[in-house]
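Below: one structure, written as structure tokens.
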Amino acid sequence: MGFNLKKIIGTAAPALATALGGPLAGSAVKFLSGKILGKDEGTEDELIKAIEGWTPEQRLQLKSIDNEYNLKMRQQGIDVFEIETREKQSARQMAVSTNNLWPQIILAIGYNVGFFVILGMLIANLGGAINIASGIKEALILLLGVMAGELKNINAFWVGSSYGSTAKTFQGFAEKLQQRV
0 MGFNLKKIIG TAAPALATAL GGPLAGSAVK FLSGKILGKD EGTEDELIKA
50 IEGWTPEQRL QLKSIDNEYN LKMRQQGIDV FEIETREKQS ARQMAVSTNN
100 LWPQIILAIG YNVGFFVILG MLIANLGGAI NIASGIKEAL ILLLGVMAGE
150 LKNINAFWVG SSYGSTAKTF QGFAEKLQQR V
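Residue 115 in numbering that gives the first Met the number 0 is what sits at position 116 of the sequence shown, and the numbering runs on without skipping anything.
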């Protein structure tokens with residue numbers, strides 16, 4: 000299939016999408032399956048087929064399902080977003096502790112350069128500076144979309160996650176506010 004479940008629900012259901020990309024994937028699929036298919040043992044492919052056929056109004060239901068999942072996880076003491084942040088931190092720590100950052104450096108530079116080269120080619124094509132065949136242009140647009148989706152994750156390895164930074168900022172703000180009260 001052209002899409003995976005995480006991409007389909009990503010914008011409407013961030014907690015579930017995050018869980019699908021990590022160690023909680025099984026619980027997220029089971030939860031979604033129960034809510035959408037009415038059975039706990041549904042597969043990811045069944046969920047994709049069901050959600051792909053939804054109207055935009057039905058897709059709005061994903062937000063309430065996401066909120067319910069996030070609440071359920073928090074009641075169990077699990078912060079889905081914190082798990083994602085810890086995974087990225089542990090990957091950075093492993094690379095630093097083994098003193099082997101070169102593979103990550105090379106991959107990150109290559110990925111970023113590749114993304115901007117493709118973007119530049121497509122912009123140059125629009126301006127008429129270069130001529131790209133339509134079949135190749137479509138493939139480049141598809142590749143650019145895939146790369147854009149992962150660019151945040153590649154760069155988060157080096158600069159941290161925006162969710163973790165937001166949580167720290169909010170926590171610091173809340174602590175300062177409490178001190179003033």
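No residue lacks a Cβ here, since even glycine has one placed at the ideal position from N, Cα and C.
These numbers were taken from a predicted model, which means no experiment stands behind them.
Within the same chain, K29, S32 and G33 come within 7 Å of D39 by CB-CB distance, once the 5 residues on both sides are set aside. M72 counts as buried, since at least 16 other C-beta atoms from the protein chains shown sit within 10 angstroms of its C-beta. Spanning the alpha carbons of K62 and A12 requires a straight line of approximately 5 Å. Counting only the Cα atoms, I104 lies some 21 Å from L143. According to the DSSP assignment, G148 belongs to the alpha helix (DSSP H) that extends over S133 to V158. Judged by their CB atoms, L15 and D78 are not nearer to each other than the 7 Å cut-off. Sequence-distant partners of L4 (beyond 5 residues in either direction) whose C-beta falls short of 7 Å from its own C-beta, in its chain, are L19, E43, L46 and I47.
No residue range can be given for P22, since it is assigned to no alpha helix (DSSP H) and is classified by DSSP as neither H nor E. Straight-line spacing of the CA atoms in G119 and A128 works out to 11 Å.
Here Q74 has no same chain residue with a Cβ atom under 8 Å from its own Cβ, once five neighbours each way along the sequence are excluded.
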